[in-house]
Amino acid sequence: MGFLEKSKVTLTILCEGDTVAPASTVTGALQVEVHHEVVFTALRIRLRGKEKFYVQRRDAQGHTYTEHRHFTHVEEVHTLLGAPVGSASSGSTQLAPGTYVYPFSVLVPSQAPPSFKRCRHEYGCTLAYKLKGLLDIPHGFDAEVEYDLTVTQAVPISQLQPARQNLKALPLSEAHIAKCRCCGSCFCCVDEESFIRTEAAIAPEIVLLHSHVQLPAVTAVSSSFNNADGADALVSAMPVSADATAALLRIRVTNFARDKALSRCKVTMAQRHSFPRDDWCTYKDTFTFFKQEVVFPAGPLGTGQTATVEVLLRLDEAHAGLPSGERLLPCLAVKHFSIFTELQITFPEVAAEGTMWESNALLLADEVDMTSQSLVIPHTYDQELRVAGEAPLV
Numbered sequence: 001m002g003f004l005e006k007s008k009v010t011l012t013i014l015c016e017g018d019t020v021a022p023a024s025t026v027t028g029a030l031q032v033e034v035h036h037e038v039v040f041t042a043l044r045i046r047l048r049g050k051e052k053f054y055v056q057r058r059d060a061q062g063h064t065y066t067e068h069r070h071f072t073h074v075e076e077v078h079t080l081l082g083a084p085v086g087s088a089s090s091g092s093t094q095l096a097p098g099t100y101v102y103p104f105s106v107l108v109p110s111q112a113p114p115s116f117k118r119c120r121h122e123y124g125c126t127l128a129y130k131l132k133g134l135l136d137i138p139h140g141f142d143a144e145v146e147y148d149l150t151v152t153q154a155v156p157i158s159q160l161q162p163a164r165q166n167l168k169a170l171p172l173s174e175a176h177i178a179k180c181r182c183c184g185s186c187f188c189c190v191d192e193e194s195f196i197r198t199e200a201a202i203a204p205e206i207v208l209l210h211s212h213v214q215l216p217a218v219t220a221v222s223s224s225f226n227n228a229d230g231a232d233a234l235v236s237a238m239p240v241s242a243d244a245t246a247a248l249l250r251i252r253v254t255n256f257a258r259d260k261a262l263s264r265c266k267v268t269m270a271q272r273h274s275f276p277r278d279d280w281c282t283y284k285d286t287f288t289f290f291k292q293e294v295v296f297p298a299g300p301l302g303t304g305q306t307a308t309v310e311v312l313l314r315l316d317e318a319h320a321g322l323p324s325g326e327r328l329l330p331c332l333a334v335k336h337f338s339i340f341t342e343l344q345i346t347f348p349e350v351a352a353e354g355t356m357w358e359s360n361a362l363l364l365a366d367e368v369d370m371t372s373q374s375l376v377i378p379h380t381y382d383q384e385l386r387v388a389g390e391a392p393l394v
C-alpha cells in the first residue's frame, strides 16, 4: 500500500446547516472522490464536542506557566462503509475511481452543552463541535475532512412556559449600615439595628439572546399567593411581554436606617466567568450588561417608609465591556468553566453591608426547543455535584 494513499481520495462533507440544537439530528452526506483505486478498512463519520481550557498559573518559584486541560463531552461515531468500530475482523473494501455519496444522520445528545468561546491572555475556554469524515487506510495516511458545527443552548418550551407564568421571588436581603465613614469599605463595625430591607421578584426568569421569537403576553403569578384580597402586592402578579429578550424586575425597599434618607437604588446585571485560578482560589471575570439607577417615585424614604419600583431588564451588549466581536453567552457550567449571571441591588447614598446579590436570578438561553427534547437549563456538567455559579470541579 502506498504511503501517500490518501492522495488518491478527496473527502467532502455536505451538510444541510452548521447550527443545531441539542436533541436534534445532523443530516448530510459524505462525498468520496476516488482519483485512483483505493483499498480501505472503513468509512466513518464522527461528531465530537470537546472542551479546551487554559489558564496561567505560578509555580512555587514564582514562574508563570500555562496549564491546558481538555475534556470530551460528546463522541458519536457512525460507520458508513466497512467494518464497524470495535469489530474483531477489520476486512477491507475497494473502490474504483469515481464519485460516491454516503448519506449520514447523527443525533446531537440532549445533554450536549452549547458551543462557546471565551479567550483572554491569562485564561480561556472553548467548547467546539466538529463533524469528521474519515477513510481508514491501513498502512497509510487516513483521508480526513472536518466540518465545524455550532450547538446552541435551547430552552425546552416545557421549561420556558412555566418560567413566564410564575414569578421568581428572590431571597430577602437586609443590608446593615456602617457606623462610620471609615467602615464603609471594610464594614468592621455595622449598626445591627440600622438596615435597609430589599425584596425583589422577577418575571420571566429566562430570557433569550438575540431571538426574534414572539411568545404570547401573559401575567405571571406567584405560586405562594392566589391573588386573593390581601395578597402581597410584590409577588401577586406581574405582566410578561411578548418580547422574549426582556424581563421585569419588581423591587420593594423598606428603609430602617437611622438618620439616612434614601432617594434611589441601583440595579446591576452582569455575566460572570468562573474557573479555578489556583488550588486555593476561584477566579471571576465580570461583564456588566445592565445598569440603571431608579429614583423612588414618592421622594426620599425616611425611617420606616417603603417604596416599590419596577425595572425592565434588557441585554445591553454594547456596554458590557466585551471585546469587539464577542457576545453574551448562555448560562452553563461545564467541566472547567462556569458562566452565570448576577443581580445586584445597591444604594449609592449609603455604605451598607449585605445588599442583594443573587446568582442566576436571570437565566440566558439561545433559543426555544418547541419539541421539549432538550434538557432544562442551565446546562451543568454534573447535575448532582455542580450548580452554575459555584466554583467548577477540576
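Counting from 1, position 306 in the sequence shown corresponds to residue 306 in UniProt numbering; the numbering is continuous, with no gaps.
Every residue gets a Cβ at the ideal spot worked out from N, C-alpha and C, and that includes glycine.
Inter-residue spacing [alpha-carbon to alpha-carbon] between residue i and residue j
i, j, result
"H68", "G98", "43 Å"
"A233", "V253", "13 Å"
"E37", "V9", "9 Å"
"T355", "E205", "20 Å"
"G389", "I377", "Reliability fails at G389, whose pLDDT of 38 lies under 50, so the model's placement of it is uncertain and the value that follows must be treated cautiously. Distance between the alpha carbons of G389 and I377 is about 13 Å."
"K266", "V295", "9 Å"
"P348", "F195", "14 Å"
"Y123", "G91", "46 Å"
"Q292", "P109", "40 Å"
"I202", "K168", "5 Å"
"D243", "Q214", "6 Å"
"A270", "T93", "56 Å"
"R379", "Y65", "The question names Arg, but residue 379 in the sequence shown is His. Looking at the two C-alpha atoms, the distance is approximately 30 Å."
"L47", "V20", "12 Å"
"E16", "T25", "11 Å"
"M238", "L107", "39 Å"
"R120", "P138", "41 Å"
"E199", "D316", "24 Å"
"Q159", "L208", "13 Å"
"Q56", "T306", "48 Å"
"I13", "T282", "41 Å"
"F53", "P114", "15 Å"
"V218", "L313", "17 Å"
"V240", "A220", "6 Å"
"F225", "P162", "Since pLDDT at F225 reaches only 48, below the 50 mark, its modelled position is unreliable, and the value read off the structure follows with that caveat. Rounded to the nearest angstrom, the two C-alpha atoms are 16 Å apart."
"P22", "M370", "12 Å"
"I45", "Q111", "20 Å"
"R58", "R258", "48 Å"
"L43", "V368", "35 Å"
"Q61", "H210", "47 Å"
For residue i: DSSP bridge partner residues
i, result
"V235", "Paired residue(s): none; V235 is not in a bridge."
"N255", "I196"
"G28", "C15 and F104"
"I202", "K168 and L249"
"I177", "D191 and A352"
"E342", "A270 and S359"
"P276", "T282"
"A307", "V253"
"Q292", "V267"
"L332", "I339 and H379"
"L312", "L248"
"E37", "In the DSSP output, where bridge partners are listed per residue, E37 has none listed."
"D243", "Q214"
"A365", "L208"
"V20", "V151"
"residue 427", "No information on residue 427 is available, as it lies outside the stretch 1 to 394 that the chain covers here."
"V9", "V34"
"V221", "N166"
Inter-residue CB distance, residue i and residue j (contact presumed, cutoff 8 Å)
i, j, result
"A128", "K50", "6 Å"
"F104", "L80", "6 Å"
"residue 402", "L11", "The shown model of the chain, from 1 to 394, leaves out residue 402, and the question about it has no answer."
"A320", "F289", "4 Å"
"residue 437", "V101", "Nothing can be reported for residue 437: it is not among the residues displayed for the chain, which extend from 1 to 394."
"H336", "F116", "About 12 Å; that fails the 8 Å criterion."
"residue 412", "L362", "Since the first residue of the chain shown is 1 and the last is 394, residue 412 is not available in this structure."
Beta strand (DSSP E) segment containing residue i, residue limits
i, result
"I157", "Looking at the DSSP string, I157 is not in any beta strand (DSSP E); the run it does join, the alpha helix (DSSP H), is I157 to Q165."
"R58", "A42 to R58"
"P94", "Strictly speaking, residue 94 in this sequence is Gln, with Pro absent from that position. Looking at the DSSP string, the run of the beta strand (DSSP E) that includes Q94 is T93 to L95."
"F347", "Per DSSP, F347 belongs to no beta strand (DSSP E) and is neither H nor E."
"D148", "A143 to V151"
"T371", "Per DSSP, T371 belongs to no beta strand (DSSP E) and is neither H nor E."
"V213", "That residue, V213, is in no beta strand (DSSP E); it is neither H nor E in DSSP."
"Y123", "Y123 to D136"
"E75", "T64 to G82"
"K117", "F116 to C119"
Checklist entry - Does the region 158-177 come close enough to the region 325-333 to have 3 or more Cβ pairs within less than 8 Å? => result Not touching, per the Cβ criterion.
Checklist entry - Does the region 146-162 come close enough to the region 130-137 to have 3 or more Cβ pairs within less than 8 Å? => result Contact between the region 146-162 and the region 130-137 is present, with at least three C-beta pairs closer than 8 Å.
Checklist entry - Are three or more beta carbon pairs between the region 244-263 and the region 297-310 nearer than 8 Å? => result Counting Cβ pairs under 8 Å, three or more are found: they touch.
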